[in-house]
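Participant: In UniProt numbering, the protein residues as written are 1 to 404. Where is the CB? At the ideal position from N, CA and C, for every residue including glycine. What follows is a single structure, and I will ask about it in a moment.
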């Protein structure tokens with residue numbers, strides 16, 4: 001949405017003389033940046049990796065990506081990650097509100113906002129419902145779908161920024177990075193068509209009622225497997241037989257047990273209005289941040305065929321370290337998944353698995369500096385909380401140069 005009006009001008013301003021082909025290539029990296037925070041949640045990824053990017057130093061990580069970028073591809077990748085940051089921190093609070101409206105029983109328990117951690121099934125149903133509505137409205141075109149599958153990852157940039165932000169090497173967290181990326185690509189290319197087709201078959205009447213006269217062909221995404229292998233290779237893992245069996249049972253079993261998350265919840269008109277408001281708010285925030293990013297032009301390369309390189313870091317607006325599931329500041333006791341992820345990172349810092357830069361050490365100390373009345377669940381478990389206190393002491397001693 002903002003690729004042509006804002007991101008391309010930013011690329012051309014920092015890297016004068018970019019060709020159309022170089023810009024097209026950079027676009028694939030922007031797609032890659034826009035999904036990087038989620039890639040750990042897919043097969044051969046690492047939940048810990050994605051949890052860190054969602055709950056710990058979330059703004060600092062994106063800032064580091066932008067500052068560390070030196071090429072058009074890396075710059076586009078970093079700005080794509082900024083889009084994900086805006087989408088989650090702005091969009092998820094709206095989804096949480098709509099989930100509460102969709103499920104009155106949950107609203108009675110949790111109030112006007114139901115997060116992913118509080119009920120992942122309801123949350124996923126709500127998000128899937130909006131995805132289906134987006135398809136019905138023609139938001140996701142065949143061309144955009146194919147372009148998205150062609151996303152690229154700026155691995156050296158990602159590895160640098162991740163290490164600088166969390167003190168961990170990527171290889172410490174994701175053992176098979178290339179395999180994780182390739183399998184994510186394969187999953188997107190195969191699961192999106194299957195899910196939308198199942199939605200069309202199972203919920204045709206509801207979709208027709210919400211969007212009279214919708215074009216059913218928009219639900220039928222296709223990417224020939226031979227074509228996929230030719231373009232992207234075979235370094236991925238196909239879904240096992242269990243996945244195919246599940247696809248069959250999705251159609252015939254009642255939505256109970258492990259299949260209940262696949263039950264579709266078509267949002268009503270009021271909920272679609274709220275969602276549209278969230279999209280507009282996200283785009284406005286992203287546009288604002290992009291308007292504040294600027295960099296001095298890079299020197300022209302000696303060989304015009306080569307991509308330019310800039311060693312001068314761009315100016316980056318300050319991005320708050322927000323919990324990307326709630327949009328709130330990531331403070332202790334605010335969100336259970338954030339507390340668990342901070343405790344995991346603290347353990348890595350204390351044991352020397354991660355090498356903490358001074359700013360990370362201070363962030364961790366500040367995180368645990370709240371009064372004992374905080375809602376952090378670990379404080380209610382004496383053995384685990386004692387471990388947290390021990391790790392804090394170890395990390396502090398490391399910061400002063402002392403070792404036990």
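DSSP three-state call for residue 179: helix, strand or coil?
Facilitator: Position 179 of the chain shown holds residue 179. Residue state, collapsed to three classes: helix.
Participant: CB residue 395 to CB residue 340, shorter than 9 Å?
Facilitator: Numbered from its first residue, the chain shown carries residue 395 at position 395. Numbered from its first residue, the chain shown carries residue 340 at position 340. Their beta carbons are not under 9 Å apart, which means residue 395 does not touch residue 340 by this criterion.
Participant: Within the stretch 19-55, note down every full beta strand (DSSP E) run reaching 3 residues or more, in order along the chain.
Facilitator: Complete beta strand (DSSP E) runs here, min 3: none at all.
Participant: Classify residue 265: buried if its beta carbon has 16 or more other beta carbons within 10 angstroms, exposed otherwise.
Facilitator: Counted from its first residue, the chain shown places residue 265 at position 265. Buried.
Participant: What do you get for residue 105, buried or exposed, if any count of 16 or more other CB atoms within 10 angstroms of its CB means buried?
Facilitator: For this step, residue 105 is matched to residue 105 along the chain shown. Looking at its Cβ environment, which holds fewer than 16 other Cβ atoms inside 10 Å, residue 105 is exposed.
Participant: Which runs of the alpha helix (DSSP H) at least 4 residues long sit entirely within the stretch 78-127? Give them in chain order.
Facilitator: Taking only runs of at least 4 residues, the alpha helix (DSSP H) segments lying wholly in the stretch 78-127 are 104-110.
Participant: I'd like to check one pair, residue 61 with residue 166: are the Cβ atoms closer than 9 Å?
Facilitator: The residue given as residue 166 occupies position 166 in the chain shown. The residue given as residue 61 occupies position 61 in the chain shown. Yes, Cβ-Cβ distance for residue 166 and residue 61 is below 9 Å.
Participant: How big is the Cα-Cα spacing for residue 235 and residue 359?
Facilitator: Counted from its first residue, the chain shown places residue 235 at position 235. Counted from its first residue, the chain shown places residue 359 at position 359. Annotation note: pLDDT 49 at residue 235 (below 50); position unreliable, no value reported.
Participant: If I measure Cβ to Cβ from residue 329 and keep anything under 8 Å in the same chain, skipping five residues before and after, which residues do I get?
Facilitator: Position 329 of the chain shown, counting from 1, holds the residue named residue 329. The answer, listed in chain order, is 320, 321, 322, 323.
Participant: What does residue 294 pair with, by DSSP beta-bridge criteria?
Facilitator: Taking the first residue of the chain shown as 1, we reach residue 294 at position 294. 315.
Participant: In the DSSP assignment, find the alpha helix (DSSP H) that holds residue 59 and state where it starts and stops.
Facilitator: The residue you call residue 59 lines up with position 59 of the chain shown. First-last of the alpha helix (DSSP H) with residue 59: 58-68.
Participant: Taking DSSP as the reference, what is the three-state secondary structure of residue 9?
Facilitator: Residue mapping note: residue 9 aligns to position 9 of the chain shown, counting from 1. If DSSP states are grouped into helix, strand and coil, residue 9 belongs with the helices.
Participant: Does the Cβ of residue 249 have 16 or more other Cβ atoms within 10 Å, making it buried, or fewer, making it exposed?
Facilitator: Counted from its first residue, the chain shown places residue 249 at position 249. Below a pLDDT of 50, predicted positions are generally treated as unreliable, and residue 249, at 38, falls in that range; the measurement from the model is reported next regardless. Residue 249 should be labelled exposed.
Participant: Give me the residue from 338, 5, 357, 42 with the minimum Cα distance to residue 179.
Facilitator: The sequence position of residue 179 within the chain shown is 179, counting from 1. Ranking the options by Cα distance to residue 179, first place goes to 42.
Participant: Can you find the residues in the same chain that come closer than 8 Å, C-beta to C-beta, to residue 392, ignoring five residues on each side of it along the sequence?
Facilitator: Position 392 of the chain shown, counted from the first residue, corresponds to residue 392. Taken in chain order, the residues that qualify are 346, 350, 364, 365, 368.
Participant: Could you check if residue 294 is buried or exposed, using at least 16 other CB atoms within 10 Å of its CB as the buried criterion?
Facilitator: The sequence position of residue 294 within the chain shown is 294, counting from 1. Exposed, since its Cβ has fewer than 16 Cβ neighbours within 10 Å.
Participant: Assign residue 168 to one of three DSSP states: helix, strand, or coil.
Facilitator: In the chain shown, the residue the question calls residue 168 occupies position 168. The answer is coil: DSSP assigns residue 168 none of H, G, I, E or B.
Participant: Are residue 18 and residue 10 touching if we call contact CB-CB under 9 Å?
Facilitator: As a working mapping, residue 18 is identified with position 18 in the chain shown. As a working mapping, residue 10 is identified with position 10 in the chain shown. No, the Cβ-Cβ distance between residue 18 and residue 10 is not below 9 Å.
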